[in-house]
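Here is the structure we will look at.
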Amino acid sequence: MAFQLSVFIICALGILLSTLFNLRLRIGKFGLSLYWLIPFVCAIILLAGGGVDAKSVWAQFTSNDEVNPLKILVLFLSMTALSVYLDEIGFFKWLANAVLKKAGASQKKLFFLLYITTSILTIFTSNDVIILTFTPFICYFARNCDIDPIPFIFTEFVAANTYSMFLIIGNPTNIYLATSMKVGFAEYVGVMALPTIFAGISSLAILYLMFRKKLSAPMYAHESEVTIDNKPCLVIGLAVLCLATIMLAISSYIGIEMWIVSLCAFGIVLVASTIATLAQKKSLKPIGKTVARLPWQLVPFLLSMFVIVLSLNQCGVTEYLAASLQNADCALTFGTTSALFANLMNNIPMSVLYSQILQSVSAQNLKGAIYASIIGSNLGALLTPIGALAAIMWNSILKTQNVKFTFIDFVKRGFLVGVPALFAAIGGLEIMLLI
-17 MAFQLSVFII CALGILLSTL FNLRLRIGKF GLSLYWLIPF VCAIILLAGG
33 GVDAKSVWAQ FTSNDEVNPL KILVLFLSMT ALSVYLDEIG FFKWLANAVL
83 KKAGASQKKL FFLLYITTSI LTIFTSNDVI ILTFTPFICY FARNCDIDPI
133 PFIFTEFVAA NTYSMFLIIG NPTNIYLATS MKVGFAEYVG VMALPTIFAG
183 ISSLAILYLM FRKKLSAPMY AHESEVTIDN KPCLVIGLAV LCLATIMLAI
233 SSYIGIEMWI VSLCAFGIVL VASTIATLAQ KKSLKPIGKT VARLPWQLVP
283 FLLSMFVIVL SLNQCGVTEY LAASLQNADC ALTFGTTSAL FANLMNNIPM
333 SVLYSQILQS VSAQNLKGAI YASIIGSNLG ALLTPIGALA AIMWNSILKT
383 QNVKFTFIDF VKRGFLVGVP ALFAAIGGLE IMLLI
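Note that the numbering used here gives residue 232 to position 250 of the sequence shown, counting from 1, and the numbers run on in steps of one.
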């Protein structure tokens, strides 16, 4: 047990430091992110040192079970690809520009429109993609209108990481935790809708109180035009996304696994958009960029973390943690601790760890523990800039845009919004558990 725990602690610290300082290993002109390299090396050490049974790892990777990590990765990458594709076509930028124009000279109107738009888009796409697309656009708009960008970029960030809980596809942590515990699409939304709405109302109210003075000042907008060059491809992307969402919702009833639905959806987009683009004699660059922009580094990262956590499971650590966390109010315990662990090691490795802990939770506590862990994995991102990949990417964008928002600034505002939202979501979950 000591060997496995030591490797896990070293890995967790390595991930924390590499994400906080964006550490990279330089080999000539190439740079490798230590974020995925550290757990990869740790997994190799465990396999070589006998800290985890290699046959068990192979059995997990080749099993026909829904909890196969390869199936979970296919589901995540395919749904992310649909969102990235829409971004490459220019849909999100066009929509962001439309929202900004609709607000006119009112910062308050812009605040509410931005929160609502970000929330709705995140529900059906991905929080990471929305943050990557909207943040630079908001920074540019604020600079152009000579207004403070902080109220709007922070509002967008909070909305994206709150409403990412609503559907299973909104966050990779939802996909990993829910799929590993065999939670279906329809079952998931049936439970998580109310906690998400509770957290959303709480966060919106606090954000408005936080920024109300700054939002009172008028703004002087400069008109800018954003056009979509390939409208047939946009129609294809939106139509397939809607169809995929419907198919995911009924997948458990028709006996088709979610990873198959998502993979087929991306395959259809890839083929149909290629044909449509060639027919119009336009460039295939958006399609190529979609594939290139996918978070491929998460493949070795997640698989390595799976091996590391499997070693903890085999030596009894996860079983001990499950016994320690189970009490009279499992939703509160798992919700708060998962949010805390997300900020100690990032929310993706936390989700891999908790997926194994949940395997040892008693049947009567399991439902509350699963959904509370999902809540913590999403809202934990609001507490510090290292709680999620989305937060790390968001911070890096702010630096490139010369927007000053320090670690302390994030924590101050994040705790004011995140803690009440976390407890509001847990409260909503408690209500759902009583029904």
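Every residue, glycine too, gets a C-beta built ideally from N, C-alpha and C.
Bear in mind the structure is a predicted one, so any value in this text is a computation, not a measurement.
DSSP state of residue i, grouped into three classes?
i, result
"S88", "strand"
"P402", "helix"
"G13", "strand"
"L276", "coil"
"A2", "Before going on, a small fix: residue 2 reads as Leu here, not Ala. Three-state result, L2: helix."
"L7", "strand"
"P367", "coil"
"P200", "strand"
"I417", "coil"
"M147", "coil"
"F123", "helix"
"V385", "coil"
"V173", "helix"
Less than 8 angstroms between the beta carbons of residue i and residue j, yes or no?
i, j, result
"A254", "I218", "yes"
"I356", "L220", "no"
"L276", "T62", "yes"
"G400", "L361", "yes"
"T100", "K75", "no"
"V111", "L245", "no"
"I22", "P331", "It is Phe, not Ile, that sits at residue 22 in the sequence shown. It is not a contact, given that the beta carbons lie outside the stated cut-off."
"S337", "M163", "yes"
"L416", "A313", "no"
"I368", "L52", "no"
"L322", "F316", "no"
"Y353", "L411", "yes"
"T161", "S333", "no"
Comparing the CB of residue i with every heavy atom of the ligand HEM, is any distance shorter than 7 angstroms?
i, result
"Q383", "Looking at this structure, you won't find the ligand HEM or any other ligand, since it has none at all."
Is it buried or exposed for residue i, if we count other Cβ within 10 angstroms and need 16 for buried?
i, result
"M419", "Here the chain comprises residues numbered -17 to 417, so residue 419 is not present and cannot be evaluated."
"N295", "buried"
"D391", "exposed"
"D69", "buried"
"T388", "exposed"
"A305", "exposed"
"I235", "Ile is not the amino acid found at residue 235; the sequence shown has Tyr there. Classification for Y235: exposed."
"Q89", "buried"
"I210", "exposed"
"N46", "exposed"
Just to check my reading of the structure: residue i and residue j have Cβ atoms closer than 8 angstroms, yes? What is that Cβ distance to the nearest angstrom?
i, j, result
"T178", "T144", "7 angstroms"
"S342", "T300", "6 angstroms"
"T104", "S60", "Wrong, their Cβ atoms sit about 18 angstroms apart, outside the cutoff."
"V34", "V289", "6 angstroms"
"C24", "I71", "Not quite, the Cβ-Cβ distance comes to about 39 angstroms (not below 8 angstroms), so this is no contact."
Next item on the list: Please confirm if the segment 321 to 337 is in contact with the segment -16 to 4, defined as three or more CB-CB distances below 8 angstroms between the two stretches.
Entry: Flag = yes, the segment 321 to 337 and the segment -16 to 4 touch.
Margin query: Could you check whether the segment 194 to 210 touches the segment 250 to 270, counting it as contact only if at least three pairs of C-beta atoms, one from each stretch, sit closer than 8 angstroms?
Written below: No, because fewer than three Cβ pairs between the segment 194 to 210 and the segment 250 to 270 fall closer than 8 angstroms, the two stretches do not touch.
Item checked: Stretch-stretch touch, CB-based, cutoff 8 angstroms, three pairs: the segment 209 to 217 with the segment 261 to 273 -> The segment 209 to 217 is in contact with the segment 261 to 273.
Check: Between the segment 30 to 48 and the segment 130 to 142, are three or more C-beta pairs nearer than 8 angstroms?
Finding: Cβ pair count under 8 angstroms is below three, so no.
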